[in-house]
Amino acid sequence: MPDRTLVVMLKEPRPGRVKTRLGAEIGHVAACWWFRHQVRSLLRRIDDPRWQVVLAVSPDRACASRLLPRGFLRIPQGGGDLGARMVRAMRAAPPGPVCVIGADVPGITRAAIWRAFRALGSAEAVFGPADDGGYWLVGLAQSSRLMAGLLADVRWSTPDALAESVASLNGRTVAYVDQLADVDRAADLRRMRAE
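Following this line, the structure appears as structure tokens:
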């Protein structure tokens, strides 16, 4: 079994509960349909013997959901803001490098994930910036060495999320990998299709 863990943060795909900003623009059923297909495509692209893929699911009861792809270990995200849930998922990983990604970024590839894990050979943390000031990936060289305050007091879904997350590392060495775009709004979908 590989010593690297890749955690995918994932909501159970139900209309009105996933991609709500997108759903407000294109309809909640259509947004849910897009998300379900995006998740399946993402998991096919990133499944790799160099790391173990773990699904951190929300709500917690969705660990048993038939709406989520099979064949992957599932863990509950638990409560709290996004930072608390990501830190909890990293703590659940076995010792070794761990990266956490979102499920709504169509541009994620095995090569991008591998670059992030390789960056953890010389840095204590790695981020994959997003176009909107957030990030699609955060990783730590050692899941067993989580720092107090990691990802605390971050204003999520703002242009400052990446900078505030880096600041929560208190001067640890940080590497950056590919900048990618997530899908939050209909304009993001149109841009993705055009590319």
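Going by my numbering, the sequence shown runs without a break in its numbering and finishes at 690. By construction, the Cβ of each residue, glycine as well, lies at the ideal position given by its N, Cα and C atoms. Note that this is a predicted model, so its numbers are computed, not measured.
- Distance between Pro510 and Arg680, taken at the CA atoms: about 15 Å.
- By the Cβ-count criterion, Gly518 is buried, with 16 or more other Cβ atoms from all chains shown falling within 10 Å of its own Cβ.
- In this structure, Val534 and Thr500 do not form a Cβ contact; the two beta carbons are roughly 18 Å apart against a cut-off of 8 Å.
- Two segments are said to touch when three or more pairs of C-beta atoms, one from each, lie closer than 8 Å; by this definition the segment 517-531 does not touch the segment 568-586.
- In this structure, Pro592 lies away from Ala620, with their beta-carbon atoms at least 8 Å apart.
- Membership of Gln547 in the beta strand (DSSP E) is indicated by the continuous run Gln547 to Ser553.
- At least 8 Å separates the beta-carbon of Ala551 from that of Leu615.
- Taking C-beta atoms under 8 Å as the contact rule, Val678 and Ser660 fail to qualify, at a distance of about 20 Å.
- By the criterion of a C-beta distance shorter than 7 Å, Arg512 is surrounded in its chain by Lys506, once the five residues flanking it on both sides are discounted.
- Taken in chain order, the whole alpha helix (DSSP H) runs of length 4 or more contained in the segment 598-630 are 605-614.
- At a Cβ-Cβ threshold of 8 Å, Ser663 and Gly634 do not count as neighbours.
- Rounded to the nearest angstrom, the gap between the Cα atoms of Asp498 and Pro589 is 7 Å.
- Sequence-distant partners of Pro654 (beyond 5 residues in either direction) whose C-beta falls short of 6 Å from its own C-beta, in its chain, are Gly628.
- Residue range Thr500 to Lys506 is occupied by the beta strand (DSSP E) that includes Met504.
- When DSSP reads this structure, Gly634 sits in a beta bridge with Cys594 and Val621.
- Within the same chain, Cβ atoms closer than 7 Å to the Cβ of Gly602 are found at Leu675 and Ala676, the five residues on either side in sequence being excluded.
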